[in-house]
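K.L.:
Heads up: the protein sequence lines correspond to chains A and B, in order.
In the numbering used here, each residue carries its 1-based index in the first sequence increased by 52.
In the numbering used here, each residue carries its 1-based index in the second sequence increased by 52.
One structure coming up, written as structure tokens, with questions to follow.
Number of protein chains: 2
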Amino acid sequence: MTQDYSGKRAAEIVGITYRQLDYWARTDLIRPSVADARGSGSRRCYSYRDLLELKVVKTLLDAGIKLESVRTAFAYLRDSLGEEIVSVQLVISGGSAVLVRDGDELVDVLKQGQGVLTSVLSLDGVQRELDAAIFELRPVPADAPLPAPDQGHSLAGG
Amino acid sequence: MTQDYSGKRAAEIVGITYRQLDYWARTDLIRPSVADARGSGSRRCYSYRDLLELKVVKTLLDAGIKLESVRTAFAYLRDSLGEEIVSVQLVISGGSAVLVRDGDELVDVLKQGQGVLTSVLSLDGVQRELDAAIFELRPVPADAPLPAPDQGHSLAGG
DNA sequence: CCGTGGCACGACATCCACGTAGTTTCATGG
DNA sequence: CCATGAAACTACGTGGATGTCGTGCCACGG
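Structure follows, in structure tokens:
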């Protein structure tokens, strides 16, 4: 049932260091929604959607965006990041952010923002990469030859 | 004669701190092309084009791009940043950067970069803002009522 | 030719975003 | 019920990008 992930596995899957995951959780960027840490010894538990958000952050960082900007962007993103992820694009412009559906609509946004820098991220690709990583790093039980990995999450209805 | 600008004035005009200008010069991001610093007491001298580059950097920073990314982007930019600035757009994608002319062409680039984050900057607006700042912060001689400020630089030929 | 101001420079101090090392504590399994 | 290991926590170090302060020195005006 869209199983959950430990901190370490989450970091592995999205391709970040555990230190980053930890730092982001402590600084309230992305906290595990299933189970947060409660003192030393406890275990964080991340949902699939959490992984998705983590992956978006990583993608933004790889693209050269400052973490500070990612924080502000997520403030806007969380509200809108509802169900339809595929073919939606995240547009960051300075301090604010918007979600755009159509590619043509995107062009208008870009042309509208005369001289304003804009960062565009296709959330579709992000989810694809995430799913690929989850499959790639699936736990390999030493005995059981993995029955049926429940891949192919469907948050959006195409 | 597209007059030159001192370090302090350059910083004022483009809206950055002198410390940033100094740091960028020392770390080889943007050196004054007219006269570089040669020991304490010397004076840096920036050209209009230098101001343009500085303004681009500031715009990128304001947009939340990491200075590190700006550095790599400028490596590509310097080669291409020839004459036609207006209506040209700088597209940063991860570590590389490209210059695009047409808006439609830009759309193709964006659609092509499936899932890859892209930062787009309209250089046109940057130049506009720069010119505005130069005019706004023009030196006001206490006696002479400014004869004819040579505004309206034309790097591009439409 | 010389005084002085403006500016480059050097040496810190700071904040962010982590990396590294070591400790603590919870959650199991035996 | 206790040993054990994995993971959270603490403490400290680091590199990048500046801010601050003080000094030194060149360039220009007189």
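Think of the CB as a built atom: it goes at the ideal place given N, C-alpha and C, for glycine as much as any other residue.
Is the segment 90-100 of chain A close to the segment 84-101 of chain B, with three or more CB pairs under 8 Å?
P.N.:
No, they do not touch.
K.L.:
Quick one: does A/A185 have its CB under 8 Å from some CB of chain B?
P.N.:
So no, A/A185 is outside the interface.
K.L.:
Using only the alpha-carbon positions, how far apart do A/Q72 and A/E105 sit?
P.N.:
For A/Q72 and A/E105, the distance between alpha carbons rounds to 14 Å.
K.L.:
Extract the residue ranges of the beta strand (DSSP E) inside the segment 104-143 of chain B, only unbroken runs of 3 or more that lie entirely within it.
P.N.:
Listed in chain order, there is nothing to give.
K.L.:
Report the three-state DSSP secondary structure of B/V150 (helix, strand or coil).
P.N.:
B/V150 falls in the strand class under three-state DSSP.
K.L.:
Nearest to A/D176 by alpha carbon, out of A/G67, A/D74, A/T111, A/E120?
P.N.:
Considering only alpha carbons, the answer is A/T111.
K.L.:
Can you tell which of A/D154, A/L151, A/V159, A/V152 has the C-alpha that lies nearest to the C-alpha of B/D154?
P.N.:
Checking every option, the nearest Cα to that of B/D154 belongs to A/V159.
K.L.:
For A/S123 and A/L81, I'd like the C-alpha separation in whole angstroms.
P.N.:
The question names Ser, yet the displayed sequence has Arg at residue 123 of chain A. Roughly 6 Å separates the two Cα atoms.
K.L.:
Sort out for me which residues DSSP pairs A/Y57 with in a bridge.
P.N.:
Answer is A/Y98, bridged to A/Y57.
K.L.:
So, are the CB atoms of B/V143 and B/V161 less than 8 Å apart?
P.N.:
Going by C-beta atoms, B/V143 is nearer than 8 Å to B/V161.
K.L.:
Whole angstroms are fine: how far does the CA of A/G116 sit from the CA of B/W76?
P.N.:
Distance between the alpha carbons of B/W76 and A/G116 is about 18 Å.
K.L.:
Count the other CB atoms within 10 Å of the CB of B/D195; is the residue buried (16 or more) or exposed (fewer)?
P.N.:
With a pLDDT of only 47 at B/D195, under the threshold of 50, the placement of this residue in the model should not be trusted; the figure read from the coordinates follows. Result: exposed.
K.L.:
Throw me the rounded Cβ distance for the B/V66 and B/K107 pair, which I believe falls under 8 Å.
P.N.:
That pair is a contact at about 5 Å.
K.L.:
List the residues of chain A that B/D114 touches, going by C-beta distances under 8 Å, in chain order.
P.N.:
Those within 8 Å of B/D114 in chain A are G146, L169.
K.L.:
Label A/T170 either buried or exposed according to how many other C-beta atoms from any shown protein chain fall within 10 Å of its C-beta, with 16 as the threshold for buried.
P.N.:
The residue in question, A/T170, is buried, as its Cβ has 16 or more Cβ neighbours within 10 Å.
K.L.:
Given that a residue counts as buried once 16 or more other Cβ atoms are within 10 Å of its Cβ, and exposed if not, what is B/P191?
P.N.:
Counting Cβ neighbours within 10 Å, B/P191 comes out exposed, since fewer than 16 surround it.
K.L.:
Within its chain, find whatever has a CB closer than 7 Å to the CB of B/S132; leave out the 5 residues flanking it on each side and keep chain order.
P.N.:
Contacts found: L151.
K.L.:
Going by beta carbon distance, what residues of the same chain come within less than 8 Å of A/Y70, once the five residues before and after it are set aside?
P.N.:
Answer for A/Y70: G59, K60, A63, listed in chain order.
K.L.:
DSSP state of B/A184, grouped into three classes?
P.N.:
Helix.
K.L.:
Answer yes or no: do A/D74 and A/S85 have a C-beta to C-beta separation smaller than 8 Å?
P.N.:
Their beta carbons are not under 8 Å apart, which means A/D74 does not touch A/S85 by this criterion.
K.L.:
Please confirm whether A/S121 has its beta-carbon closer than 8 Å to some beta-carbon of chain B.
P.N.:
Closer than 8 Å to some Cβ of chain B, the Cβ of A/S121 qualifies, so yes.
K.L.:
Whose Cβ in chain A lies nearer than 9 Å to the Cβ of B/V161?
P.N.:
Those do not exist, as B/V161 stays about 10 Å from chain A at its closest Cβ, beyond 9 Å.
K.L.:
List, in order along the chain, the chain A residues whose C-beta lies closer than 7 Å to that of B/L173?
P.N.:
Chain A residues near B/L173: L169.
K.L.:
Using the DSSP secondary-structure output, state which residues sit across from B/V66 in a beta bridge.
P.N.:
Paired residue(s): none; B/V66 is not in a bridge.
K.L.:
Please report how far the alpha carbon of B/P197 lies from the alpha carbon of B/Y98, in whole angstroms.
P.N.:
Only weak support is given to the placement of B/P197: the predicted model assigns it a pLDDT of 43, under 50, and the value that follows is read from those uncertain coordinates. Answer to the nearest angstrom: the Cα atoms are 25 Å apart.
K.L.:
When you check each C-beta in the segment 99-111 of chain B against every C-beta of chain A, which residues fall closer than 7 Å?
P.N.:
So the list reads T111, given in the order they occur along the chain.
K.L.:
With distances taken Cα to Cα, identify the nearest neighbour of A/F187 among A/G146, A/Y100, A/R130, A/A127.
P.N.:
For A/F187, the nearest C-alpha among the options comes from A/Y100.
K.L.:
Once you ignore the five residues that flank A/G147 on each side, which residues in its own chain have a CB closer than 6 Å to its CB?
P.N.:
Result list for A/G147: T124, in chain order.
K.L.:
Can you pull the chain B residues whose beta carbon is under 7 Å from the beta carbon of A/L151, in chain order?
P.N.:
By Cβ distance, chain B contributes nothing, its closest Cβ being about 15 Å from A/L151, past 7 Å.
K.L.:
Excluding sequence positions up to five away, which residues of its chain have a Cβ less than 7 Å from the Cβ of B/P201?
P.N.:
Confidence is the limiting factor: at B/P201 the pLDDT is only 49, short of 50, which leaves the residue's position unreliable, though a coordinate-based value still follows. Result list for B/P201: F187, R190, in chain order.
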